[in-house]
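Heads up, the thing below is written out as structure tokens.
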Amino acid sequence: MFPLAILPLPGELVPLHIFEPRYRQLLQDCEERDVAFGIYFTHKANVDRVGSLMKLESVIKRHPGGESDIIVRCVDLLSMEMLYRTYPDKLYPGGDVRLWNVDLSQSASTALQEQYITYLSQLGISKKPTKVSVFDIANELSLEFSDRLRFVLMEPDKRESFLQHHIKYQSFLLERAEQAKDVFHLN
């Protein structure tokens, strides 16, 4: 278990700088035994004890002092039932968790996908994604941590309207930024 003040969503890639001896040991275990680890979201609002299950994607750089820069991918969400200061025979923390078994293969509705594609075109992204999940869309919107927590804890049938609201708001901001370009003139 890796307690951090972040809440990665399924499918999200996250860069981490590993420097503490206990997490260097965790990285070694991930590389040698292909194990997953949890990132427990250490925020006071996380009363439901939610976290993310992560898998090592790649080691980007190994520093001379033993530190590493890595990329990990969120593969599932979890509920923390018990957090232990150290995992048996390890330096790093461990825990008892319940996995959520998030299904990333389930596509978002056609209406949400169309709204998402329109939003991407506003951003200048012309490549149309195929088969997009609600988590793919949530990752693209760069939700704040409080919104991420609300998103994962809400009923699955409410997630789409939540994302539609956020896309509408982000689109509004992009439109206003575009309009502001015409207001300012360089001299």
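Taking the numbering used here, the leading residue of the sequence shown gets 22, the next gets one more, and so forth.
C-beta atoms are modelled at their ideal positions from N, C-alpha and C, and glycine is treated no differently.
Note that the structure is predicted; figures quoted are calculated from it, not measured.
Quick check on Pro-127: buried or exposed, where buried means 16 or more other Cβ atoms within 10 Å of its Cβ?
Working through the sequence shown from its first residue, we reach residue 127 at position 106. Here residue 127 turns out to be Gln, not Pro, going by the sequence shown. Label assigned to Gln-127: exposed.
Could you work out which residue in Met-75, Arg-83, Met-175, Gln-191 is closest to Ile-210 when comparing CA atoms only?
Residue 210 is absent from the model: the chain starts at 22 and stops at 208.
In whole angstroms, give me the CA-to-CA distance for Leu-28 and Gly-72.
The residue you call residue 28 lines up with position 7 of the sequence shown. The residue you call residue 72 lines up with position 51 of the sequence shown. Near 6 Å, if we compare the C-alpha coordinates of Gly-72 and Leu-28.
Excluding the 5 residues flanking Pro-31 on each side, which residues of the same chain have their C-beta closer than 7 Å to its C-beta?
As a first step, residue 31 must be located in the sequence shown, where it is residue number 10. Within the same chain, Pro-31 has close Cβ partners Cys-95, Val-96, Asp-97, Leu-98, Val-123, Leu-125, Phe-156.
Give me the Cα-Cα distance between Lys-65 and Pro-36, rounded to the nearest whole angstrom.
The residue you call residue 65 lines up with position 44 of the sequence shown. The residue you call residue 36 lines up with position 15 of the sequence shown. Cα to Cα, the separation comes out at about 23 Å.
If I'm right that Ile-158 touches Leu-133 with Cβ under 8 Å, what's the distance once you round it to whole angstroms?
Residue 158 sits at position 137 when you count from the first residue of the sequence shown. Residue 133 sits at position 112 when you count from the first residue of the sequence shown. 7 Å between Cβ atoms; contact.
Looking at the strands, I want to know which residues DSSP matches up with Cys-95.
Translated into the one-based positions of the sequence shown, residue 95 becomes position 74. Met-75.
So what's Arg-83 in DSSP terms, helix, strand or just coil?
Your numbering for residue 83 matches position 62 in the sequence shown. Here Arg-83 sits in strand by DSSP.
For Lys-149, which residues of its own chain have a beta-carbon under 8 Å away from its beta-carbon, when the five flanking residues on both sides are left out?
Here residue 149 refers to the residue found at position 128 of the sequence shown. So the list reads Ile-138, Leu-141, once near-sequence residues are dropped.
Over the uninterrupted alpha helix (DSSP H) stretch that includes Asp-124, give me the two end residues.
As a first step, residue 124 must be located in the sequence shown, where it is residue number 103. Segment: none, Asp-124 is in no alpha helix (DSSP H) and carries neither H nor E.
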